[in-house]
């Protein structure tokens, strides 16, 4: 079986930004409101953070349900893990997700600054300073035959796209305009030369973009 | 966790038939051409019967990929298992699927005619003569906390809908007209009083209908 590198449920604004500007500890998405960006996911029955029963079981739910399916490792950028750049100022920082991060696999965090591995629940974060291809190779070995999720942010996805390492993307375009921030694309048409593209509007108001290698 | 009874990837013609008339050994779907009905699924990367690599990874693929996910048992009608009605004329009949049926769970086959259980690969068929609610109870126990798939055919799904036992349905309407056969519905609108309904057209030409209990 081929091990794919997949982007899943990555949500951007209608003008193509995965996060706003000025990320801080209190605002991991900068000036963007994650509640607005991710409302589509939070409304589904399979949203992993939901605390009440219920939730929709329509199209959007297929995507939140698919999130952990056949995924053996994740790769994420430093800015998805922590609010600050440069050397690790606070060695006690353990990510945004509390004691039980929702990954449940090894996670490879791209950083230029070394740090020992960190285990929380059944997620272990490895901090790696290497080229995308080398990190992917390491994540594939850790994934034990399963696919690898490319978790973002937008800059990290672009870096792996530039290196032509991404096999499939699911990008959700939310009905929100940000004006500035960390850009994934100006238009998904930029990827049509290398990827098939299906554009599927959801009754919830978001538009699912499904891309896979030609 | 709630254990749902779910219909998945059940394909009907645009006029609402799950199979044609005159089922025989050679034509399990009667006068309907299963190649036409299921072309949408066969084109996807996750179609379990595909023999070559490749296949699409768009919307349709999410549904074929979801098929085994969190399913612990299946319930099917007699006519999905075998071409003939009445007492078992050929005790050697082992279903349409060869030595490795694609279910990989216990399967409960509704029949008025008793027969010992049959194991093929990691699928065990149990032949049960009981009311829908009692069969569902037994399938739930066998599913060990996972959901139960209601595998069809159309008459069986209608029987469980009539007993108000179905929690969610994914029905695929293919661009094929049959004129007669085993009917699931005249229109999905018949179910709107009890179910939410999302209608999602796929670029492949089929229309996915997602229904879940109000």
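Residue numbers (my numbering), protein chains in the order written: chain A, -15 to 198; chain B, -15 to 198.
We put the beta carbon where it would ideally sit given N, CA and C, even for glycine.
Does the distance from the CB of residue i to the CB of residue j come in under 8 Å?
i	j	result
residue 113 of chain B	residue 96 of chain B	yes
residue 107 of chain B	residue -2 of chain B	no
residue 130 of chain A	residue -13 of chain A	yes
residue 4 of chain B	residue 14 of chain B	yes
residue 135 of chain A	residue 64 of chain A	yes
residue 152 of chain A	residue 11 of chain A	no
residue 132 of chain B	residue 145 of chain B	no
residue 57 of chain A	residue 147 of chain A	no
residue 156 of chain A	residue 24 of chain A	yes
residue 126 of chain A	residue 168 of chain A	no
residue 66 of chain B	residue 81 of chain B	no
residue 93 of chain B	residue 62 of chain B	yes
residue 79 of chain B	residue 111 of chain B	no
residue 74 of chain B	residue 105 of chain B	no
residue 183 of chain A	residue 184 of chain B	no
Quick check on residue i: buried or exposed, where buried means 16 or more other Cβ atoms within 10 Å of its Cβ?
i	result
residue 32 of chain A	exposed
residue 116 of chain A	buried
residue -5 of chain A	buried
residue 173 of chain B	exposed
residue 140 of chain A	buried
residue 171 of chain B	exposed
residue 2 of chain B	buried
residue 158 of chain A	buried
residue 41 of chain B	buried
For residue i, which option in the options has the closest C-alpha, if you only look at C-alpha atoms?
i	options	result
residue 29 of chain A	A/49, A/10 and A/131	A/49
residue 43 of chain A	A/58, A/34, A/27 and A/123	A/27
residue 178 of chain B	B/196, B/91, B/187 and B/189	B/196
residue 17 of chain B	B/154, B/163, B/57 and B/105	B/163
residue 180 of chain A	B/175, B/188, B/182 and B/35	B/188
residue 6 of chain B	B/166, B/185 and B/182	B/166
residue 176 of chain A	A/126, A/193 and A/8	A/193
residue 186 of chain A	A/45, A/9 and A/38	A/45
residue 86 of chain B	B/41, B/99, B/39 and B/51	B/51
residue 8 of chain A	A/68, A/142 and A/74	A/68
residue 154 of chain B	B/190, B/128 and B/70	B/190
residue 55 of chain B	B/149, B/128 and B/150	B/128
residue 142 of chain B	B/99, B/36 and B/59	B/59
residue 118 of chain A	A/198, A/35, A/38 and A/149	A/149
Would you please verify whether the beta carbon of residue i is less than 8 Å from any beta carbon of chain D?
i	result
residue 145 of chain A	Included in the structure are the protein chains A and B, with no chain D among them.
Query raised in the report: If you scan the region -11 to 72 of chain B from start to end, which runs of the alpha helix (DSSP H) of 4 or more residues do you find wholly inside it?
Result: Secondary structure remark: continuous alpha helix (DSSP H) runs of at least 4 residues inside the region -11 to 72 of chain B, in chain order: 18 to 21, 23 to 26, 43 to 50 and 62 to 65.
Query raised in the report: At what residue ranges does the region 110 to 178 of chain B contain a whole run of the alpha helix (DSSP H), taking only runs of 4 or more?
Result: Within the region 110 to 178 of chain B, the complete alpha helix (DSSP H) runs of at least 4 residues are 116 to 127 and 138 to 146.
Query raised in the report: What residues from the region 50 to 81 of chain B come within 7 Å of chain A, judged by C-beta to C-beta, listed N to C?
Result: Going along the region 50 to 81 of chain B in chain order, one finds 50 and 53 with a Cβ nearer than 7 Å to chain A.
Query raised in the report: Quick one, which residues of the region 14 to 43 of chain A are near chain B if we go by CB-CB under 9 Å, in chain order?
Result: Answer set for the region 14 to 43 of chain A: 29, 37, 40, 41, 42 and 43.
**Report entry** Residues from the region 148 to 160 of chain A in contact with chain B, defined by Cβ distance under 9 Å
**Finding:** The residues in question are 151, 152 and 154.
Query - Contact list for the region 162 to 184 of chain B against chain A, Cβ threshold 9 Å - result: Against chain A - using a Cβ distance shorter than 9 Å - the residues of the region 162 to 184 of chain B are 180, 181, 182, 183 and 184.
Query raised in the report: Can you list, in chain order, the residues of the region 184 to 196 of chain B whose Cβ is nearer than 7 Å to any Cβ on chain A?
Result: Cβ proximity to chain A below 7 Å picks out 184, 187, 194 and 196 from the region 184 to 196 of chain B.
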